[in-house]
Amino acid sequence: MHVAELWRFPVKSMRGEQLTSAELTGDGVSGDRLVHVRGSRGVLTARTRHGLLGLAGSTSPDGQTLINGDRWDSAQAAVAIRQVAGSDAEAVHYAGRERFDVMPLLVATDGGIGAFGHEGRRLRPNIVIGGVDGLTERSWPGRTLRIGDAVVGMLKLRARCIVTTIDPDSGEQNLDVLRRIHREFDGCVALDCWVERPGVIRVGDPVEVVDEYLEPPARGGWIVGAPYLVPAR
């Protein structure tokens, strides 16, 4: 097995950027989901504002988060956000751990994506592992991934939401995608994970699954399954 793809999503619910290497930290991929969109009633995501998936989040060479190539806090980015998320929507920078819906790292496999039968970007993984036979990943929760110096704990299969029904290129919705996930995969595809030991990983790095149980990090700050909340500004 090997690292087939690496992804970072600098802006929550927007398109991500494909990487050749990634620094894994206690907060997942460095630079992941540092900006989100907020309205008058709280955080806005692609679950209810599908158009956010049509905007591109990326990172500049100097580490700035960009939206469609403009700084996240620029007037141009503000206009783009309001066009798809509403007149009260705005970009907010927030680096707290609550910015992740469940866990800070999502791992998918080529076998799982093949069984899923759709573009893997619908799943929004950080790491795609290649060389995996079919649905082998479904036996991995509670085990450990070793990728170079990095160690990744695998908590559970990821429950999927309405975002999987949106085509990442056309923006068209197909509700049958989520119906099939529930019918054939018990509502879950890919793996909710965390970084136990940080390290830099690269596309092509070998991946090993080991039978080593790691204590899930809820006590260390993650509240598994907690709602995504951001303190009032």
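Residue 100 is where the sequence shown starts when you use my numbering, and the numbers rise one by one after that. Using N, Cα and C, we set each Cβ at its ideal position, and we do this for glycine too.
Which value, in whole angstroms, describes the spacing of the CA atoms of residue i and residue j?
i, j, result
"GLY241", "GLN182", "42 Å"
"ASP126", "PRO297", "9 Å"
"LEU101", "ARG245", "Going by the sequence as given, residue 101 is His instead of Leu. Rounded to whole angstroms, HIS101 to ARG245 spans 11 Å at the Cα level."
"CYS260", "SER173", "30 Å"
"ALA155", "LYS255", "29 Å"
"ARG282", "PRO203", "27 Å"
"ARG221", "ARG279", "14 Å"
"ILE212", "ALA177", "34 Å"
"VAL250", "THR243", "7 Å"
"PRO315", "GLU295", "9 Å"
"TRP321", "ARG196", "Note that TRP321 has pLDDT 43, beneath the 50 cutoff, so the model's placement of it is unreliable and no number is given."
"GLY324", "ASP200", "With a pLDDT of only 42 at GLY324, under 50, the local geometry of the prediction cannot be trusted, and the value read off the model is given with reservation. Cα to Cα, the separation comes out at about 7 Å."
"LEU143", "LEU118", "26 Å"
"LEU151", "PHE284", "27 Å"
"GLY219", "ASP209", "8 Å"
"GLY233", "ASP187", "44 Å"
"ASP268", "ASP310", "38 Å"
Can the beta-carbon of residue i be found closer than 7 Å to that of residue j?
i, j, result
"VAL231", "LEU290", "no"
"GLN163", "ASP169", "no"
"GLU104", "VAL299", "no"
"GLY185", "GLY270", "no"
"LEU274", "THR264", "yes"
"SER159", "GLU116", "no"
Since residue i and residue j are thought to touch, with beta carbons under 8 Å apart, how far apart are those beta carbons, to the nearest angstrom?
i, j, result
"ALA179", "ILE166", "6 Å"
"MET253", "CYS292", "5 Å"
"GLU189", "ARG107", "Between ARG107 and GLU189 the Cβ distance is about 22 Å, and since that is not below 8 Å, they are no contact."
"HIS149", "VAL110", "Not a contact, Cβ separation roughly 15 Å."
Which of the three DSSP states, helix, strand or coil, is assigned to residue i?
i, result
"LEU152", "helix"
"SER238", "helix"
"THR335", "There is simply no residue 335 to check, as the chain begins at 100 and stops at 332 in what is shown."
"VAL201", "coil"
"HIS135", "strand"
Quick one: does the C-beta of residue i sit closer than 6 Å to a heavy atom of the ligand SAH?
i, result
"ILE166", "The ligand SAH is absent from the structure shown, which contains no ligands of any kind."
Worksheet item: Would the region 305-312 and the region 111-130 be scored as touching if the rule is three or more Cβ pairs under 8 Å?
Response: no
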